[in-house]
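Enquirer:
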Amino acid sequence: MTQPLAYIHPEAKIAHNVVVEPFTTIYKDVEIGEGTWIGPNVTIMEGARIGKNCKIFPGAVISAPPQDLKYQGEPSTATIGDNTIIRECVTMNRGTALDKNTTSIGKNCLVMAYVHIAHDCIVGNNVILANSVQLAGHIEVQDHVFIGGTTAVHQFVKIGAHSMVSGGSLVRKDVPPFIKAAREPLSYAGINSIGLRRRGYTNEQIYEIQQIYRIVFLNGLNYSAALEKIEMEMPSSLERDEILNFFRTSERGVIKGQGRDAG
Numbered sequence: 146m147t148q149p150l151a152y153i154h155p156e157a158k159i160a161h162n163v164v165v166e167p168f169t170t171i172y173k174d175v176e177i178g179e180g181t182w183i184g185p186n187v188t189i190m191e192g193a194r195i196g197k198n199c200k201i202f203p204g205a206v207i208s209a210p211p212q213d214l215k216y217q218g219e220p221s222t223a224t225i226g227d228n229t230i231i232r233e234c235v236t237m238n239r240g241t242a243l244d245k246n247t248t249s250i251g252k253n254c255l256v257m258a259y260v261h262i263a264h265d266c267i268v269g270n271n272v273i274l275a276n277s278v279q280l281a282g283h284i285e286v287q288d289h290v291f292i293g294g295t296t297a298v299h300q301f302v303k304i305g306a307h308s309m310v311s312g313g314s315l316v317r318k319d320v321p322p323f324i325k326a327a328r329e330p331l332s333y334a335g336i337n338s339i340g341l342r343r344r345g346y347t348n349e350q351i352y353e354i355q356q357i358y359r360i361v362f363l364n365g366l367n368y369s370a371a372l373e374k375i376e377m378e379m380p381s382s383l384e385r386d387e388i389l390n391f392f393r394t395s396e397r398g399v400i401k402g403q404g405r406d407a408g
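If you want it as structure tokens, here you go:
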């Protein structure tokens, strides 16, 4: 259902049961899946690919050109997965040809009011970005991450799966998976045990993750020595190998440990 006061470009591909409220503008080269609700005063620009059963609230601007002086107007996309909610005044810029050529948000995400997601960011599934989170360009946020309100994340940072970042944080370096990150400067504050239990991790898996991070952050070893110790002394598992791979592939470096283990 399209309200008469909304404008939809004739070349946009809109599923038959999408609801578009008044004063919304949808540009050409836009695709919107079944069951999605587009609220009033939303702007959806060229290159948007929006999935099924999404909700986009008033004031949001999706797939605007990147705020990057190197961008030369090349075609690119901004993708939103099924069942994702975009709240008021969220801004999401499309990608650039110099990097991924797309910006994407996965399925079942909640992006709260006033969040900014810059060009070439990749946000995974089941992610929650609280109010006024600001993601600079080229950031990767993996699955099941929670980022607290008013947090600012530096470009090219990677935030590992199942991690939780405290509200009001400045994220300058990579945040490894399964942990809580807090304080200033941002540092390890224990593992995200409550979140892991909610997602079905066993006590044994949580204990293993806790032991790994005690070696990484609390044994006084540098990261290289800590990773070698973990690889030698702890049996291979999905969680162990994911942590080791995260540290070894980090390009910006990983946040530091500080204080006692709060896991």
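For the numbering used here, count along the sequence shown from 1 and bump the result up by 145. All C-beta atoms, glycine included, are put in the ideal place defined by N, C-alpha and C. For clarity, every value in this text was computed on a predicted model and none was experimentally measured.
1. Does the structure place the stretch 246-259 close enough to the stretch 216-224 that three or more beta carbon pairs sit under 8 angstroms?
2. So is MET377 buried or exposed if we call it buried at 16+ other beta carbons inside 10 Å?
3. Is any heavy atom in the ligand NAP found nearer than 7 angstroms to the beta carbon of GLY184?
4. Are at least three pairs of beta-carbons, each pair with one atom in the stretch 381-401 and one in the stretch 319-335, less than 8 angstroms apart?
5. Taking C-alpha atoms, which residue in ALA281, GLY365, PHE301 and GLN403 lies nearest to ILE324?
6. So, helix, strand or coil for ASN348, using DSSP?
7. With DSSP as the reference, label VAL320 as helix, strand or coil.
8. Could you tell me the distance, in whole angstroms, from the CA atom of ILE273 to the CA atom of ASN186?
9. Give the secondary structure of ARG239 by DSSP, where H, G and I count as helix, E and B as strand, and everything else as coil.
10. Considering only residues of the same chain and omitting the five flanking positions on each side of CYS266, which have a CB-CB separation below 6 angstroms?
11. Label THR229 either buried or exposed according to how many other C-beta atoms from any shown protein chain fall within 10 Å of its C-beta, with 16 as the threshold for buried.
12. For my contact list, LEU341 and LEU315 are in at a C-beta cut-off of 8 angstroms; report their separation, rounded to the angstrom.
13. Check whether the Cβ atoms of ASN271 and CYS254 sit closer than 8 angstroms, and answer yes or no.
14. Return the first residue and the last residue of the alpha helix (DSSP H) that GLY269 is part of.
15. What residue from HIS289, HIS154, GLY312 and LYS200 has the CA that sits closest to GLY345's CA?
16. What distance in whole Å lies between the Cβ atoms of ALA258 and GLU233, which are believed to be in contact at a cut-off of 8 angstroms?
17. Residues in its own chain within less than 6 angstroms of ILE159 by CB, not counting five upstream and five downstream?
18. Which value, in whole angstroms, describes the spacing of the CA atoms of SER369 and GLY180?
19. Just tell me which of GLY240, PHE202 and THR236 has its CA closest to the CA of LEU214.
20. List, from N- to C-terminal side, the alpha helix (DSSP H) runs of 4 residues or more that fit wholly inside the stretch 367-405.
21. If we ignore side chains and look at the alpha-carbon of each, how far apart do GLY196 and GLY251 end up?
Expert: Taking the geometry as given:
1. Verdict: yes, contact present.
2. So MET377 counts as exposed.
3. In terms of ligand content, the structure shown is empty, and the ligand NAP therefore cannot be addressed.
4. The stretch 381-401 and the stretch 319-335 touch, with no fewer than 3 CB-CB distances between them shorter than 8 angstroms.
5. For the residues ALA281, GLY365, PHE301 and GLN403, the minimum Cα distance to ILE324 belongs to GLN403.
6. Correct three-state label for ASN348: helix.
7. VAL320 falls in the strand class under three-state DSSP.
8. When rounded, the distance between both Cα atoms is 23 angstroms.
9. The answer is coil: DSSP assigns ARG239 none of H, G, I, E or B.
10. If you ignore the 5 residues before and after CYS266, its C-beta comes within less than 6 angstroms of the C-beta of THR248, LEU280 and ILE284, all in its own chain and listed in chain order.
11. Buried, because 16 or more other Cβ atoms sit within 10 Å of the Cβ of THR229.
12. LEU315 and LEU341 do not touch by the CB rule: their CB atoms are close to 25 angstroms apart, not below 8 angstroms.
13. In this structure, CYS254 lies closer than 8 angstroms to ASN271 by Cβ.
14. DSSP places GLY269 outside any alpha helix (DSSP H), giving it a letter other than H or E.
15. Residue HIS289 is the option with its Cα nearest to GLY345.
16. With a Cβ gap of about 4 angstroms, GLU233 and ALA258 count as contacting.
17. Hits under 6 angstroms: ILE177.
18. Taking the straight line joining both Cα atoms gives about 49 angstroms.
19. Ranking GLY240, PHE202 and THR236 by Cα distance to LEU214 puts GLY240 first.
20. List check, alpha helix (DSSP H) in window: 368-378 and 383-394.
21. Going by the C-alpha atoms only, they are around 9 angstroms apart.
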